[in-house]
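For reference, the structure is listed below as structure tokens.
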């Protein structure tokens, strides 16, 4: 259970870091040589390329990523795990005709941790959009 809790914590930190635009924290979720595909687009290998791609969220007015409970299969040696997580992301555009894009997502990840100990990190990620709906954003009200 300790491994499962640690992996779930990485996923929660990743979601929070995206929404806070804390790209240094996003980077810490990935191995240096990580590989990722986002919505069918294969990103150049490496943590820096993945973070550079995710910086595209900076153009949004706001976002909220909500992750469901992950399905985690830890390898017998305890050094890797296959993880599948469903998520919903609410993305608020920053343009004058602001809209909210709500996406149903699926993440398929391979997590690893060093033999010498240390935190679990994402080594491979496939991000898939299963569905999306867009609607006009309602401006916040003051009370």
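Numbering (this note's numbering), first residue to last: 18 to 160. Quick reminder that beta carbons are idealized off the backbone N, C-alpha and C, glycines included.
Practice problem: Keeping to the same chain, check which residues put their C-beta closer than 6 Å to that of residue 84; ignore five residues upstream and five downstream. | Solution: 28, 32, 102, 104
Self-check item: Cα-Cα separation, residue 141 to residue 154
Solution: 34 Å
Quiz item: Excluding five sequence neighbours on each side, which residues of the same chain lie with their C-beta closer than 6 Å to the C-beta of residue 108?
Solution: If we look at residue 108 and ignore the five residues flanking it on each side, its Cβ neighbours are 77, 80, 118.
Exercise. Would you give the residue range spanned by the alpha helix (DSSP H) that residue 44 belongs to?
Key: That run of the alpha helix (DSSP H) goes 40-45.
Quiz prompt | Cβ pair residue 72, residue 62 closer than 8 Å | solution = no
Quiz item: In this structure, what does DSSP give as the bridge partners for residue 18?
Solution: In DSSP, residue 18 forms no bridge with anything.
Self-check item: Sequence-distant residues of the same chain with beta carbon closer than 7 Å to residue 96, five excluded per side
Solution: Beyond the five residues adjoining it in sequence on each side, residue 96 comes within less than 7 Å, by CB distance, of 129, 130, 132 in the same chain, given in chain order.
Practice problem: Would you check if the distance between the CB atom of residue 137 and the CB atom of residue 67 is smaller than 8 Å? | Solution: no
Practice problem: Can you tell me which of the three DSSP states residue 94 falls into? | Solution: coil
Quiz item: Helix or strand or just coil, what does DSSP make of residue 32?
Solution: helix
Quiz prompt | Range covered by the beta strand (DSSP E) that runs through residue 139 | solution = Residue 139: member of the beta strand (DSSP E) spanning 138-153, first to last residue.
Quiz item: Taking DSSP as the reference, what is the three-state secondary structure of residue 27?
Solution: helix
Exercise. Look at the Cβ atom of residue 164, then the Cβ atom of residue 82, and state whether they are nearer than 8 Å.
Key: The question about residue 164 has no answer, for the chain in this structure spans 18 to 160.
Quiz item: Ordered along the chain, which non-local residues of its own chain (more than five positions away) have a Cβ less than 7 Å from that of residue 55?
Solution: 70, 144
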